[in-house]
Each structure stands twice: as C-alpha cells, then as structure tokens.
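Only one structure is covered here, and it is reproduced in the block below.
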Amino acid sequence: MSTLYQQKNTRFNIAIDGPAGAGKSTVARHVARKLGYIYIDTGAMYRAVALHMLEQGIRPSEPSKAKQAMKDIRIELLPGEDGQRVLLNGLDVTRQIRTPEISLMASQFAQHEDVREQLVAMQRELATKKGIVMDGRDIGTIVLPSAEFKWFLTASVDERAKRRYAELKDKSEVTLEQLKHEIAERDRQDENRVISPLRQAEDALLLDTTHMSIDEIVELMVKETLSRIEGEQ
C-alpha cells in the first residue's frame, strides 16, 4: 500500500450503515484490509452487551439494572486470523455473540440511552486517529456524523435471510423462515426506536446489495474511496 494512503491527512473515516444482514460487517472488514485501515464492528459491541446482560439475568425491560451492569463491562476488539475477535471482560466471546437470540437482544438493549451513550463514546474515541472503517446502524448519523465517506447498504429481507442462514446453518438449527421473521422484526425495532433509529444519512451513498457479491461491493467501495483520496491531493 502506498504511503500516500497511510498519511494521517489523507486517511478517511468510513461509516457503513444498514439493516441486519446487508453485508456491512463482511464488507467493512475487507474494505479496511484493502485500504490498510482499522475495522470497528460496532454491532459486535452491542452483541457483547446483550450477552453480558443475559449472563447477569437482566432483561431489556429492566433499564435501571442494565445501566448499573454497564459499569462492569469491558469490551475489546482484536484482529485475528479468522476475523475480528471480541473480548468481553477478558474472555473471547466471538462465537457466543453470533446467535439469533443475542442479535435480537442486542437490538433491544441498543434502545437504552445509557447503553448507547457508553458505547458511542468508545466508538468515537477509536475514530479520533482517522483511518477507521466502522459499521452499524447509526454511524453516519450519530456516531461519526463528520465521517469523510458514508455508505448505506441494504438488500431485500429474503436475500438478507439467505445470507444469514448460510452463515448459521452449520452452527445452529435455525430455519430460513425463522430468520426472515427475525430480520423483519429487527428492522422494525431498529427503524422505530426513539434513540438513534436506523436511517440513511443525507450525505450517504445508497447501495442495494441484493444482486451483488461481496467482492463486487468491496471493489466498488475501495475504488470510490481511493478516487476521493486522490482528489484531495
């Protein structure tokens, strides 16, 4: 990678938002690697919170208990050979947080103001040095509103369910129909929550990935980013 893209004044923060199953995390990870940037999976952070709450016996309907429990939570995102590793209070929970149950709970706890405030503060701190690719549901609108490049990835519910099913079929007994229902419900929760609802930032580029491969999406995003960087010189 040319040193041109490693210089701080030419490094962008890239925000990738979109609904569950749109391919945000996979795309963000590949884009970050190709650009020599750091990938931050904010969804994994909310999933880790959900797992912590589940282990503590705290339900999404108990915001005061959740607020107290957030004082005892420490989340680390570390690079690994097979992708990003997620540590919750020092323990690797990368696999445990990738279940439909945790996914749904993560969306519910994400509606808690205290949970969001703490995680958003952590995410903003990670982005201060630039050269970050961050994905989630409110990155371009709330977390990093001044990000130099913003994308909003979407796809049909059927396509997103198929992708998630392909990921989970060897790890879980979940059915395709169940995933369709859960993704539609996740969309409803994310779009209608009072705090930081899922929406496309006004200056974000919309990309429907229904009929695109991961490689095609990554190639397009990297090409657009490098073109923008070169235009800044």
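The working numbering numbers the first residue of the sequence shown as 569 and each following residue consecutively.
Note that the Cβ used here is the ideal one computed from N, Cα and C, for glycine as well.
Residue i (DSSP reduced to helix, strand or coil)
i: Glu693; result: helix
i: Ile700; result: strand
i: Lys748; result: helix
i: Thr667; result: coil
i: Lys737; result: coil
i: Leu773; result: strand
i: Thr778; result: coil
i: Leu788; result: helix
i: Met662; result: The question names Met, yet the displayed sequence has Thr at residue 662. Correct three-state label for Thr662: coil.
Residue i vs residue j beta-carbon contact at 9 angstroms
i: Gly611; j: Arg731; result: no
i: Asp682; j: Met638; result: yes
i: Val806; j: Gln686; result: Examination of residue 806 is not possible in this model, given that the chain is present from 569 through 801 alone.
i: Pro628; j: Gln746; result: no
i: Glu735; j: Leu672; result: no
i: Met723; j: Thr777; result: In the sequence as displayed, the identity of residue 723 is Ala instead of Met. The answer is yes: Cβ separation under 9 angstroms.
i: Lys739; j: Arg666; result: yes
i: Leu788; j: Leu774; result: no
Integer-rounded CB distance, given that residue j should sit under 8 angstroms from residue i
i: Leu646; j: Arg653; result: 5 angstroms
i: Arg796; j: Phe717; result: 6 angstroms
Nonlocal neighbours in the same chain, by C-beta distance under 7 angstroms from residue i, ignoring five residues either side
i: Arg705; result: Asp585, Asp758, Leu766
i: Thr594; result: Ile782
Nonlocal neighbours in the same chain, by C-beta distance under 6 angstroms from residue i, ignoring five residues either side
i: Tyr607; result: Ala596, Arg597, Ala600, Val701
i: Phe720; result: Asp585, Gly586, Gln768, Ala772, Leu774
Q) Taking only runs of the alpha helix (DSSP H) that begin and end inside the stretch 573-656, which ones reach a length of at least 4 residues, in chain order? A) 592-603, 610-623, 631-637
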